[in-house]
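Numbering (our numbering), first residue to last: 7 to 461. Working notes, beginning with the structure itself.
Listed below in C-alpha cells is the structure:
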C-alpha cells in the first residue's frame, strides 16, 4: 500500500476504499440541508449531518465527542491515536454548515447531490463538505487496513463557520480548549487546489495566510420629512453617496510575505519576469500577474489590497416619508498588519458625517511556507501530480482557522483538489451550481492520504 493506493505494473493506481467511499459520503452530506442563515431560529442546523458523522465514526470504533452550543448547532470531534504519542497532535477541521441556496437558477436541486458531467453538484460541494467526506473516507479505509498515523490526529466537523464560527470553532476554543491542548498545527480550508498556467504545469495554492474580517455598518442621519418636498438633509442620499464612494474605492497594493512569494512563483510559471517594482519597466505589476492567472484572478486579486464591498442597505418605513436614519453593511477584508490603517482609510472615504460601527472583527493570519508539514504537503502533491508547483497564497476570506489561531496553532489551508483548467473555482463558493469534479475529489483523497501518512 503506497499512500492509500495500490500500484499497477504501469505505475498508475487503482481505486481503494477511500476513493470509492469519498463520492458516496460527499453525496450523502450534500443531501442533508445544513443551511446557516446566521440565526439559529431560521437555520436548518447541523444536527442531522453531525449525527451522520458520529455514526460513521462510531461504526469504525472511534469515539465521537459531540458539542451542542445551541439547540441543533452541533460540532463533532474525534481523536485517532498515532504511533508516536509524544509528538504534538495535528488538527484537521471542516465545517458542516452551508450558506443558503435558492433553487432558482440552479441546474439541479442544491440539496439533491446529483452526479452529472463528471461533477457532484450541490450546496457545500466545495465549501466544504468535500473535505468532510475526504476525512471520513480515509478514516474508514485506515480502520479497514488497521493502520495508525505517525502521530495523533484530531478530526473536527464544525458548526456555524459560515456565520463566523461563534457557535462552532470559537465555542470550542472558548469552552473546551482542552480538546486541542496538545495541538500545534491545524489544517482546514481553502488550499491545495490547482491552477493551470501551462500545459502539464499547475500551481497548487497552499493557504498560509488569510485576510482579516472587518464587517462594518455605516450610519447616516438627517432631518425626517415629507417625500414630496425639497429636502437637502436626506439621510438616504448621504448614505448612498458614502456607500458608492467606498464600494468603488481601490485601496493601495500592499504585498505581504505570502503574496510576494506567490507572485514570484506565479510570474516564473507564467513565463513573466519576476515583479521588481511599480512601473512596467521594472517588470509586470502585481495586478498584471494576477490577471494572467485566468479564472482564479478575482479570488487571488483580492489579496493584493484591502477590500470593502457593500452588501446590505436599510432605510425608511414608508414610501413617502424621508427617514431620519439610513444604514448600510459593508463586508471589509484586511491584509495582515493593515487593520488599523484600514479603519483610517475607510473614515477618510466615507467622510466625517457618516458613523462607522464595527459589527465583527477577526484578525488576519499569516505563517511561513516552510517546515515538515509543508514538506509533506508538497511531497503528497508531487507524488500524485508530477506537474505540480506547490506555492503559498493568501485566502481573501476567513475560515475557522481564526478560532484555532487563538490557541497558538499554526494554521494552513490544504483541502486538495485537481481542477480543470477552465473551471472558475472561486465563483463556486457561495455561488449558483456549486459542484466538485469527481476525479478531483478522488485525487484529493489520495493526496490527503499521502500527506497524513507522512505528517
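Glycine is no exception: its CB is placed at the ideal position from the N, C-alpha and C atoms. Computed from a predicted structure; not experimentally measured.
Problem - Three-state class that DSSP yields for residue 233 in the structure shown - result: coil
message = I need the DSSP call for residue 221, collapsed to helix, strand or coil.
response = strand
Taking residue 224 as the reference, give the member of 251, 199, 239 and 230 with the closest Cα.
251
- prompt: Along the chain, which unbroken stretches of the alpha helix (DSSP H) at least 4 residues long are found entirely within the stretch 12-96?
  reply: 23-36 and 53-65
Same chain only: Cβ atoms within 6 Å of residue 411, ignoring 5 sequence neighbours per side: 371 and 417
Q) Closest by CA to residue 393, which one among 198, 208, 93 and 166? A) 208
> Buried or exposed: which applies to residue 317, given that a residue is buried once 16 or more other Cβ atoms fall within 10 Å of its Cβ?
Replying inline: exposed
Candidates 438, 443 and 212: closest to residue 110 by CA position: 438
Just verifying my parser: in three-state terms, what is the DSSP assignment at residue 411?
Note: residue 411 maps to helix in three-state DSSP.
Notebook entry, point to check: Are the beta-carbon atoms belonging to residue 36 and residue 131 less than 8 Å from one another?
Noted result: yes
Original post:
Which residue from 198, 182 and 183 puts its Cα closest to that of residue 398?
Top reply: 198
Problem set entry | Endpoints, alpha helix (DSSP H) assigned at residue 351 | 345-356
* Whole-angstrom distance between residue 124 and residue 444, CA atom to CA atom -> 6 Å
Beta-carbon separation (whole angstroms), residue 330 vs residue 227, contact threshold 8 Å: 6 Å
| query | Do you know offhand how far residue 299's Cα is from residue 203's? | reply | 7 Å
Specify the secondary structure class of residue 263 as computed by DSSP and reduced to three states.
-> helix
Quiz item: alpha helix (DSSP H) containing residue 113: first to last residue?
Solution: No alpha helix (DSSP H) contains residue 113, which DSSP labels as neither H nor E.
Rounded to a whole number of angstroms, what is the C-alpha to C-alpha distance between residue 457 and residue 348? C-alpha separation (whole angstroms): 38 Å.
(request) From the DSSP output, read off the bridge partner residues of residue 396. (result) Beta bridge pairing from DSSP links residue 396 with 210.
| message | Is the separation between the beta-carbon of residue 241 and that of residue 361 shorter than 8 Å? | response | A distance of 8 Å or more separates the beta carbons of residue 241 and residue 361.
| query | Just the Cα atoms here: how many angstroms apart are residue 170 and residue 254? | reply | 26 Å
**Prompt:** In terms of residue numbering, what span does the beta strand (DSSP E) encompassing residue 316 cover?
**Reply:** First-last of the beta strand (DSSP E) with residue 316: 313-321.
- Keeping to the same chain, check which residues put their C-beta closer than 8 Å to that of residue 448; ignore five residues upstream and five downstream. Once the five neighbours on either side are set aside, the close Cβ partners of residue 448 are 21, 25, 28 and 29.
By Cβ distance below 7 Å, which residues in the same chain neighbour residue 66 in space, the five residues on each side in sequence not counted?
Short of 7 Å from the beta carbon of residue 66, and not among the five residues preceding or following it, lie these beta carbons of its own chain, in chain order: 145, 146 and 149.
*When we look at the beta-carbon of residue 210 and count the other beta-carbons within 10 Å, is it buried (16 or more) or exposed?*
buried
_Just to confirm before moving on: does the CB-CB distance between residue 441 and residue 126 stay below 8 Å?_
yes
If contact is defined by three or more beta carbon pairs under 8 Å, each pair taking one atom from either stretch, is the stretch 262-270 in contact with the stretch 370-388? yes
### Rounded straight-line distance, which links the Cα of residue 289 to that of residue 272
13 Å
Bounding residues of the alpha helix (DSSP H) (the contiguous stretch that carries residue 153): Neither: residue 153 is in no alpha helix (DSSP H) and is coded neither H nor E.
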